[in-house]
RNA sequence: GGGCGAAUAGCUCAGUUGGUAGAGCGCCUGCCUUACACGCAGGAUGUCGGGGGUUCGAGUCCCUCUUCGCCCACCA
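In this note's numbering, the protein residues as written are 86 to 1016.
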């Protein structure tokens, strides 16, 4: 009995509005979930503490705090929500931990843009004011995306919302830095790093994105100092850097240049001598085999410079402008000073050409690195930065994947992960930004090394060695230095007594996009091992990207995105979620048409509507009357339709379980069989859809209509089964379409006020593994109905016209059909007459599996000649197939080697076809004479 | 330059131990059949990218070619 009060818009008790209105329904339902605390996890209830429930934990990849929801977020969080809701219904103490990332560069850029509109720079404000302003901006507008996630139904535990820049997580960041420093894994390095001249900060290798670019390769001749008539030709894509050249290198094994090693060439434009050094870095195969060495502006040249003890003049400043920065006296001519690096490039080329030093210029394809935040061309630049030594951290992280402690899906990413991990490079973690975690390093001006550098968990004002004032390092940490701690810091680390950390770590599945496999996932795994001694999760689920119909990634800049909230507004969150889940194979991209939202999401919208209408049907038939508990029904009370749909429900449950599960590895590590299993959300969605739509709605509902309208015991049985099966369907579907299922479930007879589908149990298949006999008999009825519908359609029988059909069938088939003739009559508008042999005369003829023959005399609709031709064609086709089949069965290779069940199935098919052939021949003979 | 992945119905995609191809959307025909036209019933459509091989049998395994995509990389 529905306990919850129907709202005023509902017409009558036990009734639903004709139209499902997600726009009003969804927010109300979400509100009730939240008020009831459906999504709040309780550490104490987990088995890792004092409780009896297995934990299930997901940490949400934190969106940038200033982000607004796009389809990518929608995709990512829908997947997570499906898993979280599924686990919750499976009885796990489920924690889906949400939060945001302070996003150093990104957020700073946003605020700097605002300042620019006021004609200000961050330097105008000064560090303290700028940080305060950014913090205020974040406090004011940040976290919008978390509200938006609620609109798509995200069942995260908002009471635990985290933020990478919160005081708590800042403690974790500092602790991690200090511990790594104590372990000798953090060092300050003077080297060439990627520098963004716009953001004015260094970038990690991952943050400097290579972009295929068509540029030019300039060949420049450097005359020999002692013989100006001879010269060495070097090739460069960045001629302006030649101002910083300190040598040219040749390969020591390159015979062409053996005699020149140790001599000098004259650097054009500057007219200064620079040495010819021998270094393996020079590739004899490339160009002329001579390479110019610019240690301050190229990472490789830097290495060469170090090997040969060369000077490292910096000729491009932090803004990407030509200037004598360090160790570069006299190196930038007045004509070039102050020029942007690209203008300078053109000017240098002109100067070289004028001096007759430009040998040639050729078009050249190469990768140019760009800042991942502002797209500016990155400039390699010599500077002091903090680095994390990665090799030792990578070892356990690599082993974790290799041993199956962690699995990565789809599996193709495992190789990518292993390659990166095995060739890992040190991580530049310092950024010359203001928005971020200040590096916990202080410098004392009085103490001598190594006491002058103090790494501390606490803020320092005085040197612990001499008591002198100290100055904190100006730099902040890479945003990812806080992100990589996310699975541990959000649970309370470094406080190892934290109940959340003990209850929910390690977490279970990490759901994210492959783009951040290195940025984030790999580093989280390393941090998990480094700080907690265990992997942060057992599964990494890498999903695809949302793209437009041209295959382009949806992005703000391209303007080809779809606003998920538009979809929610128009068709509801369920429509959005269902469409995304159903359309996404494991790791496959989702293609959507931004120009046609309706087309893109009609699948989901239609499905939600279908569910709603099934609910309406149920409620209008069952009404507010009490319904017999399903458990009280006896098997012999069930109709064939009941037995069938219960069989199908079992199958659906098992298939759904297989598609999503297993929830975690059976043992500590994933077995080979488990490694690639589960997380097929699209298969799960399709199974559930097929069950609800093609089985429950198309057949069961149609079959029981009469029973539902006829008062009596059988009506009660049908009602009980209907309610039970629909209840099961709603449970199966809830993780994908939580709102409409919750709305309907609340109205279901027997629902108890204050209970939620969201926290109800996942359905369990019955113990039976074989389909029931009665259920199988229902399939016989379906075959007849489908055959008759085909006949009707093929011969153009008017829809309203009742037709007669003669049935020749085995006794048990005849018995079933006789008992269900009313049902067949209604579903196919056919009246069945049982005969021992097909009557002669013009008639449509259908032969079903099991040798059942349908003969349908259709006055005026059957043309004997055409019918004969059709039968002949059928026979010819059958003969052909049969010949092929018999050939196979006569083949010793097939019979001997194919699995027994396959051979048996083929034999059965052969018997079936032969019987059908006989029937066809007989029929042709009687209808068409000797033809 | 290395490595990986993809190519299946008009479109977007499933297809998990090799056994003669499926869904959604679209299309065609007929239906406003008292839950649903965001629906119902029926239907058409594929040399599973090309070629070769293994096998009794290949969308599925191997080789090769073509076309796309992704990742990595210090050839200036």
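Glycine residues also receive a C-beta, built at the ideal position from the N, C-alpha and C atoms. All figures in this text were calculated on a predicted structure; none of them were measured in a lab.
Just how far apart, CA to CA, sit residue 102 and residue 637?
-> 41 Å
Residue range of the alpha helix (DSSP H) that includes residue 771 | 766 to 774
Tell whether a beta-carbon distance below 9 Å holds between residue 516 and residue 486.
-> no
In this structure, what does DSSP give as the bridge partners for residue 456?
-> 293
Write down the C-beta distance between residue 940 and residue 891 rounded to the nearest angstrom, noting that I regard them as a contact closer than 8 Å.
-> 4 Å
Residue 772: buried (16+ other C-beta within 10 angstroms of its C-beta) or exposed?
-> buried
When DSSP builds the beta bridges, which residues end up paired with residue 915?
-> 888
Provide the residue span of the alpha helix (DSSP H) that contains residue 505, from first to last.
-> 497 to 507
Roughly how many angstroms lie between the CA atoms of residue 512 and residue 287, to the nearest whole one?
-> 11 Å
Confirm, please, whether the CB-CB distance from residue 626 to residue 1019 is below 9 Å.
-> Residue 1019 lies beyond the stretch modelled for the chain, which goes from 86 to 1016, so this question has no answer here.
Spatial neighbours of residue 95 in its chain, beta-carbon cut-off 7 Å, leaving aside the 5 residues before and after = The predicted position of residue 95 is uncertain, since its pLDDT is 40 and thus under 50; no value can be drawn from it.
Could you check what DSSP says for residue 327 in three-state terms: helix, strand or coil?
-> helix
Where residue 1028 and residue 650 are concerned, what is the direct C-alpha to C-alpha distance, given to the nearest angstrom?
-> This structure cannot settle anything about residue 1028, because the visible part of the chain is limited to 86 through 1016.
Would residue 59 be called buried (16 or more neighbouring beta carbons within 10 Å of its own) or exposed?
-> In the structure as shown, the chain begins at 86 and stops at 1016. Residue 59 is therefore absent and cannot be evaluated.
In terms of residue numbering, what span does the alpha helix (DSSP H) encompassing residue 551 cover?
-> First-last for residue 551: undefined, no H or E at that position.
Sequence-distant residues of its chain with Cβ nearer than 6 Å to residue 964 (five each side left out) = none
Contact check, residue 326 vs residue 383, beta carbons under 9 Å | yes
Quick one: what's got a C-beta closer than 7 Å to residue 588's C-beta in the same chain, skipping five residues either side?
-> 128, 131, 133, 134, 140
If we call anything under 9 Å between Cβ atoms a contact, is residue 186 one with residue 162?
-> no
Would DSSP call residue 187 helix, strand or coil?
-> coil
Determine, using beta-carbon pairs with one atom in the segment 395 to 406 and one in the segment 457 to 468, whether at least three such pairs fall under 8 Å.
-> yes
Considering only the beta carbon of each residue, do residue 302 and residue 446 sit closer than 9 Å?
-> yes
Classify residue 645 as buried or exposed, calling it buried when 16 or more other Cβ atoms lie within 10 Å of its own Cβ.
-> buried
Contacting residues, own chain, Cβ-Cβ under 6 Å from residue 690 (five flanking each side not counted) | 656, 660
Apart from the five residues just before and just after residue 89, which ones in its own chain have a Cβ nearer than 8 Å to its Cβ?
-> Note that residue 89 scores a pLDDT of 36, beneath 50, so its modelled location is shaky; the value from the coordinates is reported in the next line. Excluding positions up to five away in sequence, the list reads 831, 832, 836, 838.
Give the DSSP-derived three-state secondary structure of residue 559 in the structure shown.
-> coil
How would you call residue 951, buried or exposed, if buried means at least 16 neighbouring beta carbons within 10 angstroms?
-> exposed
Which two residues bound the contiguous alpha helix (DSSP H) that contains residue 234?
-> 229 to 236
Quick one, are the C-beta atoms of residue 720 and residue 728 less than 9 Å apart?
-> yes
Are the segment 565 to 572 and the segment 590 to 610 in contact at 8 Å, needing three or more beta carbon pairs?
-> yes
Looking only at C-alpha atoms, which of 544, 904, 702 sits nearest to residue 556?
-> 544
Taking the C-alpha atoms as reference points, what is the distance between residue 535 and residue 460?
-> 39 Å
Cross-strand partners of residue 470 (DSSP beta bridge) = 274
Beta carbon of residue 630, beta carbon of residue 678: below 9 Å?
-> no
Identify, in the order they occur along the chain, each residue of the same chain with its Cβ nearer than 7 Å to the Cβ of residue 227, setting aside the five sequence neighbours on each side.
-> 150, 151, 185
Roughly how many angstroms lie between the CA atoms of residue 925 and residue 895, to the nearest whole one?
-> 20 Å
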